[in-house]
Amino acid sequence: MQLLVAFLLTAAAFTSASIVKPSGENFELLILHNNDMHARFEQTSQLSGACTTADREAGKCYGGFPRVAHVVKEARRAAQTGEGPPVLYLNAGDTYTGTAWFTIYKWKIAAEFINALQPDAVSLGNNEVDQKEHKITSFLENINAPIVATNVIIKSAENKANIKKSIIFNINDVKVGVVGYLTPDSGMLDSAGDVEYIDEILALTEEVNLLQTLNVNIIIALGHSSLAKDKEIAQGVPGLDIVISGNRNTFYWNGDTIPTTQETLLVSQKSGKTIPIIFSTAYDKYLGSVRLTFDANGEIVKYDNKPIYLDSSIPQDLTSLEVIKKYNTELVSKSQEVIGTTAVVLDGTSCSLEECNFGNFVTDAIVYYYAINFEDERWTDAPIAIIHSGAIGNTIAPTNRPASITRGDLLAALPIEGNLVTVTMTGTVLKEVLEQSVFNYDSRTPTEQFLQFSGIRVAYDLESTPGSRLVSALVRCWSCFVPQFYTIEDTRDYKVLMPAALADGQYGYSMLVGLPRVNLAYDEITCASEYFRMRSPVYPEVAGRIRLSSSASAVTSSLLLVAFISITMNIYN
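As numbered in mature numbering (1 follows the signal peptide of the UniProt record, and there is no 0), residues -17 to -1, 1 to 556 make up the sequence shown, in order.
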């Protein structure tokens, strides 16, 4: 099996591409990298869910930290013996959230597994700075690998030691620098107020200039931001050689065996220098692998970008498996409780870009749970629920359906803990909330502020200016015998159910801060568990609650729909 991994690590010549003509003595470097692992510590199914006994017996389990550890160790062994080039293993963030492992063990298991992988450098991910309740301080303090975050300022003294603006590696007498960055959009997530952000390009330019004064001619940017910002960084920071980024569930490469990927993304600087932007896909199913050849001036003359498919043919590192075994006993007992059944896939993957059936399920469950506990002659006083896509961490996709859903499945799919609240707001503010959902919308870049709804039907024109994209919005009535939908009235008050994080102004929803709110003694898990118990088998659908359009005709259709409903409905609230 070592021969197989060695072949995978050295076969990059089959997918090579040149940037400039070689000159002088060359230097080769293998970079192994991953990002957005989202607590897939153990091997997973084909859809990155739980790996079942049947999956294991069929050889259809993939990824997991033990397989990553095995490949990294083999590459380092090959480098030491001279069988392979020098190697750096870099992680671009988001180890947090996504499975029951993290939901139960929080930062402890995340830190222990990162340490087991022994990366040479780690970038912060947005999910590593938005977990105040999950003790981010302890997580940072317990990471052995250096954390690079050039544009991030940590104000508390106990966190500063592990955060570095850059790192210099001396590899065979060649200096290789790594700078790090994290999207300032994560500032919307930092409820602790412990993090400040500098513009990525300004911070990186200053640090790259400093590294160059120290005779560092090979510089890697390792970060976690949007694709648009990655391109700006590659284009606008002279001295960079390659960008390795996270916050993405796809990768770019120049191979030819995986039809769902795209070719390596290349960006040209004003000087004419070409910068590759490299990603790995999420959830550990692949390990990014790029082999670089530099000339004597530190310029890339060749890159071979070929991710490694971590299927069952790749062995699992025994040391990492021992870490899994240590945590597994308590996890199994808590996560195997069956709470209901589903007849369909509960899609959480698309929730950050469009309406998703799992988002509909969760928000419907929130409205339902509140309503059955509401004591009044009306059916409820809070007929609307919203949840940000950042709170949805996973798709529940059992192979054979109808299928049982366990507490572990639900914990993995809704990993970010925190109780729900009701917030009372005017129609004007509610429209601001709906605008914020698509303010930064980009169909290529998922955003955690994108909302899923129950009790709202919206239409957006994405060609309009951010802040003015809402074309129509209908809301469900509450003081009615038969729930129906009607147009939002600016001066009317609406009580909306939501996660406390939104009411606290996170994810850009600052308009909600200070509004009348009531803290509820339960969370999304409680609501969804009860909904499963009462409604199984569940089969939520995509019901046209969110319409995203860039065409005038679709916008016109939405306006006609609103007009029709307004004319035909006579609702007294």
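We treat Cβ as the ideally placed atom computed from N, Cα and C, and that holds for glycine.
Residue i: which of the options sits nearest, CA to CA?
i	options	result
N280	N200, Q419, G108	N200
L71	V161, T35, E25, M20	V161
Y514	T411, I388, T133, F436	I388
S121	N145, G271, A132	N145
R459	K43, D364, K212, R530	D364
residue 640	R452, I369, S519	Within the shown structure, residues of the chain are numbered from -17 to 556, placing residue 640 beyond reach of any answer.
P69	S254, V51, S272, E183	S272
P520	R500, G497, A132, V321	V321
R500	A511, S512, K158, A486	A486
N9	R274, V306, I508, A75	R274
T78	E472, I136, G229	G229
T470	R39, K414, L495	K414
E360	T82, S493, S462	S462
I97	A41, K138, E57, N17	N17
L248	D213, L445, E282	D213
K253	V226, G222, D278	G222
F433	L185, L12, V421	V421
V479	T264, R390, G410, N127	G410
R518	M408, L453, Y352	Y352
S333	T378, G391, P366, F344	T378
V51	N423, D38, D294	D294
D473	V412, L417, N127, L301	V412
L73	Y45, D182, A104, A62	A104
I87	V315, S533, S209	V315
W84	G42, S296, E124, P398	P398
D278	Q26, D224, V131	D224
Kindly identify the DSSP beta-bridge partner or partners of residue i.
i	result
I369	F436
R274	L13, D287
L165	H207
M481	V404
K212	Per DSSP, none; premise fails for K212.
N280	The partner list for N280 (beta bridge, DSSP) is empty, contrary to what the question assumes.
K158	N153
S106	V131
L329	I379
R459	F468
V321	T389
Consult DSSP for residue i and reduce its assignment to one of helix, strand or coil.
i	result
F357	coil
N134	coil
A386	strand
F468	strand
K147	strand
N74	strand
A128	coil
R452	coil
E179	strand
I184	helix
G488	coil
K118	Residue placement at K118 cannot be trusted, given a pLDDT of 40 that sits under 50; what the coordinates show is reported in the next sentence. DSSP places K118 in coil when its eight states are reduced to three.
L336	coil
R500	strand
S532	strand
V51	helix
V421	coil
S316	helix
T35	coil
E513	helix
T430	coil
I349	helix
Report, in whole angstroms, the separation of the C-beta atoms of residue i and residue j, which I expect to be a contact under 8 Å.
i	j	result
Y269	P290	4 Å
K148	E190	5 Å
S426	V441	At roughly 17 Å, the Cβ-Cβ gap does not stay under 8 Å, so S426 and V441 are not in contact.
L15	L107	With 8 Å as the limit, L15 and L107 do not qualify as a contact, their Cβ atoms being about 19 Å apart.
Y266	R23	5 Å
L503	V406	That belief does not hold up - the Cβ atoms of L503 and V406 are roughly 11 Å apart, past 8 Å.
L197	I151	7 Å
P482	A386	27 Å between Cβ atoms; not a contact.
E313	S372	Their Cβ separation, rounded to whole angstroms, is 29 Å, which puts E313 and S372 out of contact at 8 Å.
G491	Q419	5 Å
I92	Y310	6 Å
Is residue i close to chain C, meaning its C-beta is less than 8 Å from at least one C-beta of that chain?
i	result
V105	The structure shown has no chain C; it contains just one protein chain.
_Given 8 Å, three or more beta-carbon pairs between the region 326 to 344 and the region 516 to 533_ = yes
*Could you tell me whether the region 425 to 445 touches the region 342 to 351, using the rule of 3 or more Cβ pairs below 8 Å?*
yes
*Stretch pair the region 217 to 225 + the region 254 to 262: three plus CB contacts closer than 8 Å*: yes
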